[in-house]
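One structure is given here, and the rest of the page talks about it.
There are 2 protein chains.
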Amino acid sequence: MSMIKVPSAEARLKSRDDLSQCKNVIVKLGSAIITREDEKGVALGRLAALVEQIAEIHRSGRDCILVTSGAVAFGKQILTSQANMVQSLEQSFGKKAGGATGGTIDPRACSAAGQGGLIALYDSMFNQYGIQTAQVLVTNRDFQSAATVENLRTTLNQLHAMRVVPIINENDAVSAPAFDGADVAGVISVTDNDSLAASVAVHIGADLLILMTDVDGIYNKAPSEGGQRLEYYTPTTEQIEFGAGSSVGRGGMESKVDAAGWAFRKGVAVMVANGFEDKCLHKLINGENIGTFFTANAPDASSTKEQAQACRTGSRKLQLLEPEQRAEIITTLADMLIARQDAIFAANDKDIEIAAKSNLDKQLLGRLKLTPGKIATLSEGLRQIAEDSKSLLGRKIKATQVADDLSLEQITVPLGVLLVIFESRPDVLPQVAALAIASGNGLLLKGGKEAKHSNKILHSIVEEALELHAPKETVSLVETRDEIAELVKLGKEIDLIIPRGGNSLVQSIQSQAKGIPVMGHADGICHVYVDKDADMEKAVEIVFDSKCDYPSACNAMETLLIHQDLVGTPTYDAVIKKLRSADVKINIGPKLNEQLTIGGNPVDSFSIEYGDLECAIEVVGDMEEAIDHIHTHGSSHTEVIITEDGASAKHFLNSVDSACVFHNASSRFADGFRFGLGAEVGISTGRIHARGPVGVEGLLTTKWRMAGDGHTVEDFATGARTYVHESLPLK
Amino acid sequence: MSMIKVPSAEARLKSRDDLSQCKNVIVKLGSAIITREDEKGVALGRLAALVEQIAEIHRSGRDCILVTSGAVAFGKQILTSQANMVQSLEQSFGKKAGGATGGTIDPRACSAAGQGGLIALYDSMFNQYGIQTAQVLVTNRDFQSAATVENLRTTLNQLHAMRVVPIINENDAVSAPAFDGADVAGVISVTDNDSLAASVAVHIGADLLILMTDVDGIYNKAPSEGGQRLEYYTPTTEQIEFGAGSSVGRGGMESKVDAAGWAFRKGVAVMVANGFEDKCLHKLINGENIGTFFTANAPDASSTKEQAQACRTGSRKLQLLEPEQRAEIITTLADMLIARQDAIFAANDKDIEIAAKSNLDKQLLGRLKLTPGKIATLSEGLRQIAEDSKSLLGRKIKATQVADDLSLEQITVPLGVLLVIFESRPDVLPQVAALAIASGNGLLLKGGKEAKHSNKILHSIVEEALELHAPKETVSLVETRDEIAELVKLGKEIDLIIPRGGNSLVQSIQSQAKGIPVMGHADGICHVYVDKDADMEKAVEIVFDSKCDYPSACNAMETLLIHQDLVGTPTYDAVIKKLRSADVKINIGPKLNEQLTIGGNPVDSFSIEYGDLECAIEVVGDMEEAIDHIHTHGSSHTEVIITEDGASAKHFLNSVDSACVFHNASSRFADGFRFGLGAEVGISTGRIHARGPVGVEGLLTTKWRMAGDGHTVEDFATGARTYVHESLPLK
């Protein structure tokens, strides 16, 4: 009895990356999205946000059809008021007008009463984007006749040709009640709007069907039980457990999966997604990893959350190893980098080739390129990390005899799971992996896509080395399309984020990563203050080195503060002359400018990190003014005083509230290697956990171990035992 | 020519606290709120959110009038399409139909074209809350005649009597252009909707006028220049500088201030607030500190941001003192608490009296009440803090000879500015203040309002003690209505938040304080694992102490894990019997339940913190299962193993990834005092900065001090100098 021909082609849009090519989109808004939480009307704000996004899709030239619920909710309120009024009239006049007012109101009556208002609302809303809408009501029976389906198809095509957005709803007034629909002629029953939307999508040959609901997608277990949102899904309902969390409930989800699966098998790409998510439609059409996407493609990566959890498990195994075993993993890695360098260069060449085609900036290309020299240095560095790692974990920080036979130790342990986000340099990967392994931490790595092939091979080598003594999942490469915004939501799974890259990367991570600590510094506005008692030669050399040794480094000088008494002296002249000799562009502060006979280029702001052969110069009346200037405009990174007066130096070093304060030394010394910390994990201008240059110690935390012999606190309360709290030697 | 009588009473609603009593509210939605960012229509989402809040106000029984902009924006799109069509017709037929299509379209024409659509949109939206609306268009001239004003007033009163929400707009079609309105007869000109709203508010005797715009209020300087939102404002425009940030611009703000000031002088409470803020109307009617509130009351407190900045300045002075000076402040405070106790008790009695009237829970009342005993203990504790403080700051953590004449030290310094949020116990205030002073930190205190009088006097005593050597602003009490949500926005001003109170307080702060670290623990789900090799007596005593010593403490046992081999043995029986003897309610885990002949009460979840004489019990096959259970269900606080097997204990202590891991000792030892750390700042289950019980050391960070003699990094690059990196003794 199969009267209807449906297209049976495979879905044209096979992956999330394809979704932006969609041309004909059906968006179904379920009642969970449209109805207010109090169930007494339509949720206007959400609707407005979705209309805005549908308008955006429409305006991008795509054809959109909206399948909507909500008429029942819209009408319920109207009919309830009406029923109350009728009832009160009946009471007044002592007679009974009808029969409907006593019990509950039929949803179909509500729908009829609400339909007009709902469409008017949509129409006003879409008008605001210059878009005309059209109302199309259909019933179950309409899909049983090829002729009616053809009529519907023609209508919708006509509307699309005129750039009108059709708004489709079931014609509830003449429909059977929702629970009474059977599968007719191979077409799923149109008893809910999911099926309705699926039918329409199949019959007009839409390429994308979006089912909007109020959960993030389809889960293999209820989210409250730690279920996993299914990213790639082969549609059979058996694999799915539906839990609490959705107002739709198990039944609603099953119908959604049935409808989605049916449309998918008929060649439509299908997405089930959360309409509560900000800019949901925009994101999913742009391929972001939200919602559950129906595809025949097999999953090729575990979710980032699962990866992070495996990192934690790995970290717990790693820290139980002997220090020599961790060191052995790292030295093995160092050996393998040398032994496998041909394969590494081959992968790297692929990245270089792609980058060259896309006109990547020369400097970036340089960072991306791996050379035998870089690999040798890297391998050597790894051996040093292995050597230094042996006394890292389980080191006593504090030991206390609390009472007789009750002792307490505070020892170093790994932080847990680190997320390191790095840009083009692939050599960062093995180095960071080695630091994580040395410190017993799990590691999630998110590299730049321009280094994709290089990162992949380097990571596979790290995995191989890890397997010597630990699970390879301990260091994991994030390869999904998950954006940083997704990763930073994993607050429970990630203990620390370390961005390794330019200021803009760090700033972006810091602003996104609410809730997970970020180790880094967004700005490096370092000052050199030349005191009145400065030695001329030291001033010249330190100022020059601070600015010119590596001008784009975060520890380079940005502002030079000069004591009033020096202006016009040989020291002042010599300092300026030396900077000019290196073509440093000098911006003059307002106070200094007043004193110059010929003014220079004025500073725009004292809070600029020039990152180039450029700096600001200002004069200060005394050291206090210099300190105030630094506190007002600085970034608490590194500040230098040049003076021969020990008391002044001491006061400056005590008063200036920055991570690094130097006397008669270049600001460029603010660096983990120069400080003797070994490999540098980062430089922190934050005040919590680590401050200034941070070595591998920054990847550690502590735990407290206590050993007793049946001790209870009650014994101390009763006086049976007493606290001694004696510090013990740390060996 | 003053034809119109306006009420001249003082505003009935004099403070933010009064606003919830408002009965007749005018809400004016400016075009900055209503118009989309692309200026091509109405911002539906914002409008919907505001309609929802106005509906809420209406439903609470208050009369609402909406004064709206937006018709021009609504009509612009319609007329632009129309104009394009006419133009294309003209081109087709070669004749000119009118004159308007060539240039820009008159805003009044746009308004006329948009008015109907805008009202229809409002009507559909309000209908969704069962609310009828009515359209009222007025012009400038309508306010010049007493008769028309009276007509308007009658109309609005009639509408209110029928519970209809009037929507008022200027009748632009017959109005003069906006720039041509003069002040007529003492009534401000109705040339913009701010003035229109103010006029309506005054003439119908509304008690609250809300002017919604797109900035947070009125500033004394542009926000971008660090301006301060004016909380209390005496309305003259001279005190105001208008800066960038608002699409309204300087002119719009001036008209707003003029209109607001005029209505204020006529007895209407006026608020200028940001319609972009979530639940803005709801918040301001409930007295939250958003927007600028017009009032004659003089400001009585500096803003919290200013307070925090003064704390930072104070902290910098405090850390420059000699350790003895900081100690002296604290001992002085200790003395003053004793000397002033009568005044303290008098203030405390006021709090107790108010609390008793409001039927405060007995336990809370107990915490609120100050006694001579509490003051004496507090004073004694402060002396100990003073004593311990002397070696806290400037302590060397690391010292390195970097090269010849180049040395490096890492020393302890204060964190900066702390925000401590505490509940009913006023004795927390001097204790926390002493810890902050001891560690050189600035301190913002936010206490519970039930302890208002006690906190005030205790804080004034702290200020007096501080003035001995430091600015009194170093420790500051937040007395404004600023809610936690406001405080946690001060990310630049506050370095660490420490909530001192119950779990719900800590959880709430942790979820709100995105970006500022919070030291604390939301959960304490501690486990005791009784191993197969446990000593019976130790097991009985430790389990009993861990659960019953103080059941509501965070370090009390919530789950008891018992090795399989012990089930049914005398040890097992003795442990259970002892718990039962204290009426501990026992919840049985599923595995144990299977083994019991008579099952008990099953556990709901292993992640419950009972905080009472109640716990869960489960059986585990071996120690690994116990460790897995703890990692799955625990909160990483404190876990105990009871065993006589040293190897098992060692493995448990190494494997369990919690802040505290104990062998044969009660979980109740997880406490700063019992650990010998002195006063406890908190217990952290976080892994960053501090972990486990935290003493005053947790309020410190470090800085790096380097002393050279003209050293540059170039000298090392050229080989003129070499790094030695030799560790130096710390003395």
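If you read the sequences in order, they're chains V and E.
Numbering of the first sequence is given in the working numbering, commencing with residue 1 and proceeding in unit increments.
Numbering of the second sequence is given in the working numbering, commencing with residue 732 and proceeding in unit increments.
Here a beta-carbon is modelled for each residue, glycine too, at the ideal position from N, C-alpha and C.
These numbers were taken from a predicted model, which means no experiment stands behind them.
CA-to-CA distance, residue j to residue i, given in whole angstroms
i: V:Q115; j: E:F995; result: 45 angstroms
i: E:A1357; j: V:L435; result: 31 angstroms
i: V:V640; j: E:L1459; result: 23 angstroms
i: V:L152; j: V:M162; result: 16 angstroms
i: E:E1053; j: E:N1172; result: 14 angstroms
i: E:S762; j: E:G801; result: 6 angstroms
i: E:A975; j: E:D903; result: At E:A975 the pLDDT is 37, less than 50, meaning the model places this residue with poor confidence; the figure from the coordinates comes in the next sentence. Distance between the alpha carbons of E:A975 and E:D903 is about 28 angstroms.
i: V:F387; j: V:E380; result: The sequence given here has Glu at residue 387 of chain V, not Phe. If I take the Cα positions, the gap works out to 11 angstroms.
i: V:E644; j: E:A1196; result: 38 angstroms
i: V:Q135; j: E:S855; result: 17 angstroms
i: V:L320; j: E:V1392; result: 15 angstroms
i: V:I516; j: E:I1228; result: 15 angstroms
i: E:G1377; j: V:M706; result: 13 angstroms
i: E:A843; j: V:P499; result: 55 angstroms
i: E:V803; j: E:R1043; result: 49 angstroms
i: E:E768; j: V:Q91; result: 53 angstroms
i: E:V1334; j: E:E1340; result: 12 angstroms
i: V:G261; j: V:G287; result: 20 angstroms
i: E:D1136; j: V:D657; result: 24 angstroms
Identity of the residue in the options nearest residue i by Cα
i: E:L750; options: E:F1024, E:V1261, E:A774 and E:L1051; result: E:F1024
i: E:E1272; options: E:I1373, E:E1111, E:M893 and E:G1439; result: E:I1373
i: V:K731; options: V:R395, V:A327, V:R316 and V:L284; result: V:R395
i: V:K456; options: V:N348, V:T377 and V:G442; result: V:N348
i: E:S791; options: E:K997, E:L1123 and E:H1013; result: E:H1013
i: E:E1204; options: E:S1046, E:T879, E:C795 and E:I1256; result: E:S1046
i: E:I1168; options: E:V1455, E:V1206, E:I1142 and E:I809; result: E:V1206
i: E:C1346; options: E:C1257, E:V1427, E:Q1295 and E:N1395; result: E:C1257
i: V:F143; options: V:A109, V:A198 and V:V257; result: V:A198
i: V:E150; options: V:F126, V:V200 and V:H689; result: V:V200
i: V:H725; options: V:D194, V:T400 and V:A582; result: V:T400
i: V:E423; options: V:G611, V:A403, V:K446 and V:D258; result: V:K446
Assumed close pair residue i, residue j - CB separation to whole angstroms, cut-off 8 angstroms
i: V:Q507; j: V:A522; result: 4 angstroms
i: V:Q53; j: V:K279; result: 7 angstroms
i: E:A1401; j: E:T1453; result: At roughly 48 angstroms, the Cβ-Cβ gap does not stay under 8 angstroms, so E:A1401 and E:T1453 are not in contact.
Partner residues on chain E for residue i, Cβ-Cβ distance less than 8 angstroms
i: V:R326; result: Ordered by position in chain E, no residue passes the 8 angstroms Cβ test against V:R326, which lies about 14 angstroms from the chain.
i: V:E537; result: G1441
Contact set between residue i and chain V, taken where Cβ atoms lie within less than 7 angstroms
i: E:D1262; result: The contacting residues do not exist; E:D1262 stays about 14 angstroms from chain V at best.
i: E:V1392; result: K703 and R705
i: E:K860; result: Sequence check: residue 860 of chain E is Tyr here, not Lys. Within chain V, the residues near E:Y860 are G41.
Listed by chain order, chain E residues near residue i by CB distance under 9 angstroms
i: V:D628; result: Near V:D628 there are no residues of chain E at all, since even the closest Cβ is about 10 angstroms away, more than 9 angstroms.
i: V:S655; result: R1047, Q1050 and L1051
Within chain V, the residues that residue i reaches when beta carbons sit closer than 9 angstroms
i: E:E1356; result: Going along chain V, no residue has its Cβ under 9 angstroms from E:E1356, so there is no contact; the nearest lies around 15 angstroms.
i: E:I1273; result: G708, G710, H711 and T712
Within chain V, the residues that residue i reaches when beta carbons sit closer than 8 angstroms
i: E:T1432; result: R687, I688 and R691
i: E:T1131; result: F675 and G676
Any non-hydrogen atom of the ligand NAD closer than 8 angstroms to residue i Cβ
i: E:M1250; result: With respect to the ligand NAD, the structure shown offers nothing to examine, as it has no ligands at all.
Per-residue contacts from residue i into chain E (C-beta, under 7 angstroms)
i: V:F606; result: In chain order: nothing, as chain E lies at least about 14 angstroms away.
Q: Just list the beta strand (DSSP E) runs in the stretch 1214 to 1293 of chain E, keeping only unbroken ones of 3 residues or longer that don't cross its boundaries, in chain order.
A: Within the stretch 1214 to 1293 of chain E, the beta strand (DSSP E) runs of at least 3 residues that lie entirely inside it are, in chain order, 1227 to 1231 and 1257 to 1261.
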